[in-house]
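Presented below is the structure to which this report refers.
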DNA sequence: CCACAAAACTAATGCGCTTTAGTAGTCATT
DNA sequence: AATGACTACTAAAGCGCATTAGTTTTGTGG
């Protein structure tokens, strides 16, 4: 009978390498970390042995001797029912990973219900020495997280702009998309088609980018003298998107164009338009913020604000690496999203 | 001038607790880990001090002294362009987290391009002692991962069934959905409506559950004597979904009902039907595997196979915890998904 | 009041790595 | 040939925790 190998492959340590290579453990450490103190010949030998043994440094041991945990954290605070589809996050994460992988950094990921839990996780991770840095998403008005992370001394990159007036923190970079400019380009498009009554069905009101979009919309409306331009906040869910759309269309002078803050809301809006027998774009024009399969597969295909989310994630991760390398915090702006005109926008009825 | 506190809050260690409580470090360890060797009074005192100091055990130190990394891993091997929408994963992860959080286990998450990279990550994580266990998704025909993980001695739970005939591995549990039964319920529904020519636009052909669905479909067709029932594989993308639909509808005797393996494919199929002027469900019935906002917001709303993905994730995580606790591997079956009939299915034309 | 066990607590070791201090060996300089 | 300056290497300590072995205190029965 085959003797079953019960011991499941021991992990090699530096001691193993040292023995095989016939040198001390310190020499191994120097050799593998490009530190001076070993001859080129020894260095090569040690490296070969390490390679051959399939050695990898124990992150625990590394972390314990002050090298950091080789991990960055990302917490997503969204009530469970809200994280339905959202192409955004998986793409963002995929971009982030691409950059982190180059340095063999792990991504510790957690989904929680609310901001309070998120802060608790940060404290926990800090105390447990689990992460070297953080990626913070969904910045809010009056956001407690930058101050907290600064206090804990955890480098972080805020993805999406902080609200204006938020004090700068030394270890915190920001990578943001120009929501104001993007909103301006949408209004441009709709105004150019002849729309004068525009509704903006926004996302969560306490998010900083929601406010930026709302402000920009109103500024653009004011600039063009449009009185009938409003924003309504939702929780990003299809339910609230549909509800808000229904109420808006029931008004005496309904909007001729609606801008939705994400693809899910837009799809829900489209469904409501269909349900009420409104032709899109004949009777009503729709625009979605963020493109996705939903927008492309919808009938009619939705005009959408296309941005390269995965590249956004890459940039954020790059900034975090830069912080971890000891570079000063920066504030960088991502590419301006591009409005992709499709079949859901046209001149308003009677024009 | 305010003296700036440059030191960003030192993390308390057991030594700090020991000093404040006036006991040795060992006593602290005993007290905090419910080990015998300290009086109830001391235990309480130590705990209070720990609480007050906001102490949390350093995972690195814990891991180094043999306690495991307090982390489980999850690798998602999907080509970047494929992970478009997919409500599935975020929900799965959210369910997983719910269970892991109770034990304060972290989730190390990674997105890679292919299976080879995924295996490399497993080896790396193992060698780096980063994870205590793994959640494996997208089981395949002839899957190398169970054997690898068994060799490495990493407990794992495979989410979704392995292909039949895969040898059992001692440290590997399986949590699977009854794809065959689900497919049977879909065929039941369609056959009951009068459909005889059914097309199945499937996902990636090398995934085990894809094969299960295909087999079940053919078995059900054979049982009812339906000759014109086929499956076509895709990569789950809207592009291939649309393409496959187009080709199928161009055939001399096109199907009267199409079953799609996910919501994205189904939406793409719906768009193609619209583009060709086919009425859904009048001319063509559509069914989506997996429900989501897409299905609910589509026009007409799509009949879909609803399953509680987040509960699926919870069950998988629970199995992993059980494995980590030293319990033997198990194979458990999740609830049978439920077919939610909506507006996209009806009797075929001319019936 | 003593012997002796059990309870309460401390000291010491190890996990795998980095790093500082320390020890040979090599080479050039005067 | 002796001094110093490097180079190549080894020994040892420490990171924060768990754990084992060892020590002191307390409690019990005789």
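Residue numbers (the numbering used here), protein chains in the order written: chain A, 3 to 353; chain B, 3 to 353. Using N, Cα and C, we set each Cβ at its ideal position, and we do this for glycine too.
Verify the CB distance criterion: does residue i have a CB-CB separation below 8 Å to chain A?
i, result
"residue 225(B)", "no"
"residue 66(B)", "yes"
"residue 159(B)", "no"
"residue 5(B)", "Caution is warranted here: a pLDDT of 37 is assigned to residue 5(B), below 50, making its placement in the model unreliable, and the coordinate value is therefore given only provisionally. Cβ-Cβ to chain A under 8 Å: no for residue 5(B)."
"residue 108(B)", "yes"
"residue 155(B)", "yes"
"residue 40(B)", "no"
"residue 269(B)", "yes"
"residue 272(B)", "yes"
"residue 138(B)", "no"
Pull the bridge partners of residue i from the DSSP assignment, please.
i, result
"residue 178(A)", "335(A)"
"residue 286(A)", "Answer is none; residue 286(A) lacks a bridge partner."
"residue 235(A)", "204(A)"
"residue 216(A)", "Bridge partners of residue 216(A): none, in fact."
"residue 111(A)", "76(A), 109(B)"
"residue 305(A)", "289(A)"
"residue 161(B)", "177(B)"
"residue 209(B)", "142(B)"
Quick one: give me the first and last residue of the beta strand (DSSP E) that residue i is part of.
i, result
"residue 202(B)", "200 to 204"
"residue 135(B)", "135 to 138"
"residue 273(A)", "Careful: residue 273(A) lies outside any beta strand (DSSP E), inside the alpha helix (DSSP H) at 265 to 277."
"residue 154(A)", "From DSSP, residue 154(A) is part of no beta strand (DSSP E) but of the alpha helix (DSSP H) over 147 to 154."
"residue 40(A)", "Unbroken run through residue 40(A): none, as it is neither H nor E."
"residue 259(B)", "259 to 262"
Using a Cβ-Cβ distance under 8 Å, would residue i count as near chain B?
i, result
"residue 328(A)", "no"
"residue 61(A)", "yes"
"residue 296(A)", "yes"
"residue 209(A)", "no"
"residue 56(A)", "yes"
"residue 344(A)", "no"
"residue 299(A)", "yes"
"residue 16(A)", "no"
"residue 335(A)", "no"
"residue 276(A)", "yes"
"residue 314(A)", "no"
"residue 280(A)", "no"
"residue 92(A)", "yes"
"residue 113(A)", "yes"
"residue 242(A)", "no"
In terms of residue numbering, what span does the alpha helix (DSSP H) encompassing residue i cover?
i, result
"residue 126(B)", "117 to 129"
"residue 247(A)", "240 to 251"
"residue 341(A)", "No alpha helix (DSSP H) holds residue 341(A); the beta strand (DSSP E) holding it covers 340 to 342."
"residue 69(B)", "Segment: none, residue 69(B) is in no alpha helix (DSSP H) and carries neither H nor E."
"residue 25(A)", "Note, residue 25(A): premise wrong, no alpha helix (DSSP H); not H, not E."
"residue 60(B)", "Where residue 60(B) is concerned, there is no enclosing alpha helix (DSSP H), given that its DSSP letter is neither H nor E."
"residue 89(B)", "89 to 104"
"residue 296(B)", "295 to 299"
"residue 317(A)", "311 to 326"
Kindly list the residues whose CB is nearer than 7 Å to the CB of residue i, restricted to its own chain and excluding five residues on each side of it in sequence; keep chain order.
i, result
"residue 243(A)", "203, 236, 262, 266, 267, 270, 271"
"residue 340(A)", "308"
"residue 116(B)", "79"
"residue 19(A)", "30, 48, 51, 52, 55, 57"
"residue 336(A)", "177, 178, 179, 314, 317"
"residue 349(B)", "195, 196"
Ordered along the chain, which non-local residues of its own chain (more than five positions away) have a Cβ less than 8 Å from that of residue i?
i, result
"residue 163(B)", "141, 176, 178, 179, 181, 210, 211, 214"
"residue 98(A)", "76, 109, 137, 315, 316, 318, 319"
"residue 4(B)", "Only weak support exists for where residue 4(B) lies, its pLDDT of 39 falling under 50; the value from the coordinates is given anyway. Excluding positions up to five away in sequence, the list is empty."
"residue 283(A)", "302, 345, 346, 347, 348"
By Cβ distance, which residues of its chain are closer than 6 Å to residue i, with the 5 residues on each side in sequence left out?
i, result
"residue 310(B)", "none"
"residue 274(A)", "244, 247, 248"
"residue 334(B)", "177"
- request: Pair every Cβ in the segment 184 to 200 of chain A with every Cβ in the segment 222 to 231 of chain A, then say whether three or more of these pairs are closer than 8 Å.
  value: Cβ pair count under 8 Å is three or more, so yes.
Query raised in the report: How do the segment 255 to 267 of chain B and the segment 200 to 215 of chain B stand: do at least 3 beta-carbon pairs fall below 8 Å, yes or no?
Result: Contact between the segment 255 to 267 of chain B and the segment 200 to 215 of chain B is present, because at least three Cβ pairs lie under 8 Å.
Check your understanding: Is the segment 54 to 67 of chain B in contact with the segment 124 to 133 of chain A, if contact means three or more CB pairs nearer than 8 Å?
Key -> Touching, per the Cβ criterion.
- Looking at C-beta atoms only, is the number of pairs between the segment 143 to 161 of chain B and the segment 319 to 337 of chain B that lie closer than 8 Å three or more? Output reads yes: the segment 319 to 337 of chain B touches the segment 143 to 161 of chain B.
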